[in-house]
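Chains as they are written, first to last, in our numbering: chain V, 1 to 136; chain H, 137 to 245; chain W, 246 to 525.
Note that beta-carbon positions come from the ideal geometry of N, C-alpha and C, so glycine has one too.
Heads up, the thing below is written out as structure tokens.
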Amino acid sequence: MNMDLIKKSPWIYHLNTGGCIGCDIELVACITPKYDIERLGCLLKGSPRHADILVVTGPLTMQTRERAKRVYDQMPKKKVVVALGSCGITGGVFKEGYCEAGPIDKDIHVDIYVPGCPPRPEAIIYGIKKALEKLQ
Amino acid sequence: MLLVDVVKSWFSRASTTKYPRVPDKPKNYRGKIEWDDKKCIRCLTCVRVCPSYAVKFNKKALHERGKIEIDHGKCIYCYMCVEKCPVNALIGTKEFELATDDKRELGSA
Amino acid sequence: MIQLAVTLVSAIFLIWLERKIKARSQYRVGPPIYQPILDLAKLFQKQNLRSSLSNPLMNFLPLISLLAVALIAYSLPLGNLGGSIDIISLIFLFALTSLIYVFAGLLSYSHYGFVGAKRELIQFFSYEIPFALGIFSVAIFAGTIYFYHPFPFSIILVPSMVAFYLAGLAKLRRSPFDIPNAEQEIVSGSLTEFSGPSLSVFLLSEWMEAFVICSVFVDLFFGFNDALISVALSYMVFISFILIDVVTPRVRLDNMINFFRKFVIPLSVFGVVLCYLWTL
Chain V
1 MNMDLIKKSP WIYHLNTGGC IGCDIELVAC ITPKYDIERL GCLLKGSPRH
51 ADILVVTGPL TMQTRERAKR VYDQMPKKKV VVALGSCGIT GGVFKEGYCE
101 AGPIDKDIHV DIYVPGCPPR PEAIIYGIKK ALEKLQ
Chain H
137 MLLVDVVKSW FSRASTTKYP RVPDKPKNYR GKIEWDDKKC IRCLTCVRVC
187 PSYAVKFNKK ALHERGKIEI DHGKCIYCYM CVEKCPVNAL IGTKEFELAT
237 DDKRELGSA
Chain W
246 MIQLAVTLVS AIFLIWLERK IKARSQYRVG PPIYQPILDL AKLFQKQNLR
296 SSLSNPLMNF LPLISLLAVA LIAYSLPLGN LGGSIDIISL IFLFALTSLI
346 YVFAGLLSYS HYGFVGAKRE LIQFFSYEIP FALGIFSVAI FAGTIYFYHP
396 FPFSIILVPS MVAFYLAGLA KLRRSPFDIP NAEQEIVSGS LTEFSGPSLS
446 VFLLSEWMEA FVICSVFVDL FFGFNDALIS VALSYMVFIS FILIDVVTPR
496 VRLDNMINFF RKFVIPLSVF GVVLCYLWTL
């Protein structure tokens, strides 16, 4: 009963740590009329203090390492982290780059990985659904 | 006037898909890649052609016959390996629901 | 007491209606009807984090805001259910709800809070004059400052009515005047540093304020003695606010100040003078 409420109204904060913006476009496509996630209760919020789910796209770069950690600390308890795209899982196409610091789970504990380059909006919705089940 | 269009849209059908309740079957989509053991001739063209080094050849698996392993965490789904395979041993499926909480299920380290 | 219950239920219904109408105007399916209650209840279960630079009094502000709106809602005349408030207290309590928003931005010690508070303060100086003068003109016209019954419609009050409508639109922070929470699409204005239960109380007081302003507008300018007709009319006023919200873009801060200074404030002063001359 307690966690059922987060399943019914998850609020999402979107953080791009330095990739190309392909996965970001697919995430924002989820709130367009074709794949409307507002009917499931999700909202894309502007502040990490309001959000339950942190969706991280792109590989970690040297600049965004501490900032991503700070954003993760600013979120209140019962939070989930979703790594979107191949860059989040293994570094993807940017792996041998000059400013890369590796995949996301070097610094933040990641709960769900969504592969794809970029993943489909339906795959993103499926990933968010699995992330919410992990909260229980 | 914009207000006329707004009021007209209240009486039209919404253009939203019914995704989580109704499963989605895309017509053309580059999804997960499957490997067929019997057709493969171990020429290793797919290993050479992959732009993100996602296809690997494991010499010691399958009783020393060798297995092609695809790391779906590194794959960018460009399907070069599927196109260049001379015997069509790599098959592209349309499966996109691959989200998981364990990287090893996808074949990553 | 019954007015408070009606306000609570209507607040949640009107917020759902706003989200659903905005969704349907964009050819989307909107949220289901129980969504706002689920949002508020979910926020109560989260942790109440606060940055170390911000003031600990920050968490009391939403309670004061909710108390101010609840006081107005408790003593509002809805048709034949009598009210018990006078016009001076009404103006004071309405100003308090807006200034609490400014304080919340200032006490939370973040850049977004400071900018949101500054914009809300500038907007407050623009809309408070037509708001208060609209209420005063009705008081002058009816000859009393006690707001116990709804006042009926009269053609003399039309300039004040238009000025009060535009000031109400600016007060509710809806388009085209949604500058203080313009950042909500990007960051969040004054509410950036609130989380958990404080945020949910703040949101609830904002939602109740919407119904209360529409209800005061209906009671002041075309009041009926029947409670159901008053509530239905306030719903229709809010739907007109939503329609203006859907079709207009956001204006810049100096455009808004010019619009209020050159059109709305002279209109409200003209309304007051007209009412005074009528009673002579």
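* Asked: Are any of the Cβ atoms in chain H nearer than 8 Å to that of G127 (chain V)?
  -> Your numbering for residue 127 (chain V) matches position 127 in the first sequence. True, the Cβ-Cβ gap to chain H drops below 8 Å.
* Sequence-distant residues of the same chain with beta carbon closer than 8 Å to I212 (chain H), five excluded per side -> Counted from its first residue, the second sequence places residue 212 (chain H) at position 76. For I212 (chain H), where only same-chain residues beyond five positions count, the Cβ hits under 8 Å are P187, S188, A190.
* Shortest alpha-carbon distance to V114 (chain V) belongs to which of V:D107, V:I108, V:A123? -> For the purposes of this step, residue 114 (chain V) is taken as the residue at position 114 of the first sequence. Checked all of V:D107, V:I108, V:A123; the closest Cα to V114 (chain V) is V:A123.
* Nearest-angstrom beta carbon gap, R49 (chain V) and E263 (chain W) [assumed within contact, 8 Å] -> The residue labelled residue 263 (chain W) in the question sits at position 18 within the third sequence. The residue labelled residue 49 (chain V) in the question sits at position 49 within the first sequence. R49 (chain V) and E263 (chain W) do not touch by the CB rule: their CB atoms are close to 23 Å apart, not below 8 Å.
* **Length of the line joining the Cα atoms of S440 (chain W) and F462 (chain W)** => Here residue 440 (chain W) refers to the residue found at position 195 when the third sequence is read from its first residue. Here residue 462 (chain W) refers to the residue found at position 217 when the third sequence is read from its first residue. One C-alpha to the other measures close to 32 Å.
* **Residue range of the alpha helix (DSSP H) that includes A313 (chain W)** => As a working note, residue 313 (chain W) is residue 68 in the third sequence. 306 to 319 is the extent of the alpha helix (DSSP H) around A313 (chain W).
* Tell me whether the beta-carbon of C156 (chain V) lies closer than 8 Å to the beta-carbon of P119 (chain V). => Because chain V is modelled from 1 through 136, residue 156 (chain V) falls outside the range shown and cannot be assessed.
* Which bits of chain W does W146 (chain H) rub up against, with CB to CB less than 9 Å? -> Within the second sequence, numbered from 1, the residue matching residue 146 (chain H) stands at position 10. The answer, in chain order, is I266, R269, S270.
* To do: Could you have a look at N16 (chain V) and say whether DSSP puts it in helix, strand or coil?
  => Here residue 16 (chain V) refers to the residue found at position 16 when the first sequence is read from its first residue. N16 (chain V): strand per DSSP, three-state reduction.
* To do: Check the DSSP bridge columns for A83 (chain V) and list the partner residues they point to.
  => The count along the first sequence starts at 1 and reaches residue 83 (chain V) at position 83. According to DSSP, which records beta bridges pairwise, A83 (chain V) is partnered with V:V56, V:Y113.
* Using the rule of at least 16 other Cβ atoms within 10 Å of the residue's Cβ for burial, across every protein chain shown, is G324 (chain W) buried or exposed? -> The residue labelled residue 324 (chain W) in the question sits at position 79 within the third sequence. Counting Cβ neighbours within 10 Å, G324 (chain W) comes out buried, since at least 16 surround it.
* To do: Below 6 Å CB to CB, which residues in the same chain sit around I487 (chain W) once its five sequence neighbours on both sides are set aside?
  => Numbered from 1 along the third sequence, position 242 holds the residue referred to as residue 487 (chain W). Excluding residues within five positions, the ones whose Cβ falls inside 6 Å are E263, I266.
* Asked: How is F392 (chain W) classed by DSSP in three states: helix, strand or coil?
  -> Stepping through the third sequence from its first residue, residue 392 (chain W) is reached at position 147. Residue state, collapsed to three classes: strand.
* Pull up the DSSP beta-bridge partners for I206 (chain H), would you. => Translated into positions along the second sequence, residue 206 (chain H) becomes position 70. Note: I206 (chain H) sits in a beta bridge opposite H:V191.
* Grouping DSSP H, G and I as helix and E and B as strand, with all else coil, what is L44 (chain V)? -> For the purposes of this step, residue 44 (chain V) is identified with residue 44 of the first sequence, where counting begins at 1. L44 (chain V): strand per DSSP, three-state reduction.
* Between the stretch 149 to 161 of chain H and chain W, which residues of the former have CB atoms less than 7 Å from a CB of the latter, in chain order? -> Under the 7 Å Cβ criterion, the stretch 149 to 161 of chain H contributes A150, S151, T152.
* Under 9 Å from the C-beta of L488 (chain W): neighbouring residues of chain H -> Within the third sequence, the letter at position 243 stands for residue 488 (chain W). Chain H residues near L488 (chain W): L139, V142, V143.
* To do: Report the rounded CA-to-CA distance for D222 (chain H) versus Y215 (chain H), giving the unit in angstroms.
  => By one-based count along the second sequence, residue 222 (chain H) stands at place 86. By one-based count along the second sequence, residue 215 (chain H) stands at place 79. For the record, residue 222 (chain H) in the displayed sequence is Pro; it is not Asp. About 14 Å.
* To do: Compute the beta-carbon to beta-carbon distance between G41 (chain V) and Q271 (chain W), rounded to the nearest angstrom, for a pair I have assumed lies under 8 Å.
  => Within the first sequence, numbered from 1, the residue matching residue 41 (chain V) stands at position 41. Within the third sequence, numbered from 1, the residue matching residue 271 (chain W) stands at position 26. G41 (chain V) to Q271 (chain W), Cβ: 17 Å. No contact.
* Check L294 (chain W) in the structure and name its three-state DSSP category. => As a first step, residue 294 (chain W) must be located in the third sequence, where it is residue number 49. In the structure shown, L294 (chain W) sits in coil (DSSP, three-state: anything other than H, G, I, E or B).
* To do: Could you work out which residues of chain V lie near S445 (chain W), taking near to mean beta carbons separated by less than 9 Å?
  => The residue given as residue 445 (chain W) occupies position 200 in the third sequence. Simply none; closest approach about 10 Å.
* **Residue range of the unbroken beta strand (DSSP E) whose run includes E96 (chain V)** => Within the first sequence, the letter at position 96 stands for residue 96 (chain V). No beta strand (DSSP E) holds E96 (chain V); DSSP gives it neither H nor E.
* Give the straight-line distance between the Cα atoms of N475 (chain W) and I278 (chain W), rounded to the nearest whole angstrom. => Along the third sequence, one-based indexing puts residue 475 (chain W) at 230. Along the third sequence, one-based indexing puts residue 278 (chain W) at 33. The sequence given here places Ser at residue 475 (chain W); Asn does not occur at that position. Each residue's alpha carbon lies about 23 Å from the other.
* **Assigned secondary structure, E231 (chain H) (DSSP; H/G/I helix, E/B strand, else coil)** => Here residue 231 (chain H) corresponds to residue number 95 of the second sequence, with the count starting at 1. The answer is coil: DSSP assigns E231 (chain H) none of H, G, I, E or B.
* **Rounded separation between S479 (chain W) and L54 (chain V) - CA only** => Within the third sequence, the letter at position 234 stands for residue 479 (chain W). Within the first sequence, the letter at position 54 stands for residue 54 (chain V). About 39 Å.
* Counting only beta-carbon atoms, is E233 (chain H) nearer than 8 Å to chain V? -> Taking the first residue of the second sequence as position 1, residue 233 (chain H) is located at position 97. With 8 Å as the cut-off, E233 (chain H) counts as an interface residue toward chain V.
* **DSSP bridge partner residues for I330 (chain W) (one or two, in chain order)** => Taking the first residue of the third sequence as 1, we reach residue 330 (chain W) at position 85. Partner(s): W:F392.
* So, helix, strand or coil for T152 (chain H), using DSSP? -> For the purposes of this step, residue 152 (chain H) is identified with residue 16 of the second sequence, where counting begins at 1. Reduced to three states, the DSSP call for T152 (chain H) is coil.
* Asked: Which bits of chain H does V482 (chain W) rub up against, with CB to CB less than 9 Å?
  -> Taking the first residue of the third sequence as 1, we reach residue 482 (chain W) at position 237. The premise fails here: V482 (chain W) is roughly 16 Å from chain H at the closest Cβ pair, so nothing lies under 9 Å.
* Asked: Listing by chain order, which chain V residues have their CB less than 7 Å from the CB of P276 (chain W)?
  -> In the third sequence, residue 276 (chain W) corresponds to position 31, counting from 1. Within 7 Å Cβ-Cβ: E38, R39, G41.
* **Straight-line Cα distance separating S405 (chain W) from A377 (chain W)** => For the purposes of this step, residue 377 (chain W) is identified with residue 132 of the third sequence, where counting begins at 1. For the purposes of this step, residue 405 (chain W) is identified with residue 160 of the third sequence, where counting begins at 1. About 10 Å.
* To do: Return the residue from the list W:I330, W:S513, W:A315 that minimises the CA-CA distance to T252 (chain W).
  => Within the third sequence, residue 252 (chain W) is the residue found at index 7, counting from 1. T252 (chain W) has its Cα closest to that of W:A315, out of W:I330, W:S513, W:A315.
* Please name the residue in V:P10, V:S9, V:T17, V:W11 whose C-alpha comes closest to that of E100 (chain V). => On the first sequence, position 100 is the one that residue 100 (chain V) refers to. Ranking the options by Cα distance to E100 (chain V), first place goes to V:T17.
* Around the C-beta of M75 (chain V), are 16 or more other C-beta atoms found within 10 angstroms, so that it is buried, or is it exposed? -> Mapped onto the first sequence, residue 75 (chain V) falls at position 75. Result: buried.
* Check distances from the C-beta atoms of the stretch 50 to 69 of chain V to those of chain W and list, in chain order, the residues that come in under 8 Å. => H50, D52
* To do: Mind listing the chain H neighbours of A101 (chain V)? Cutoff is C-beta to C-beta under 8 Å, in chain order.
  => On the first sequence, position 101 is the one that residue 101 (chain V) refers to. The premise fails here: A101 (chain V) is roughly 17 Å from chain H at the closest Cβ pair, so nothing lies under 8 Å.
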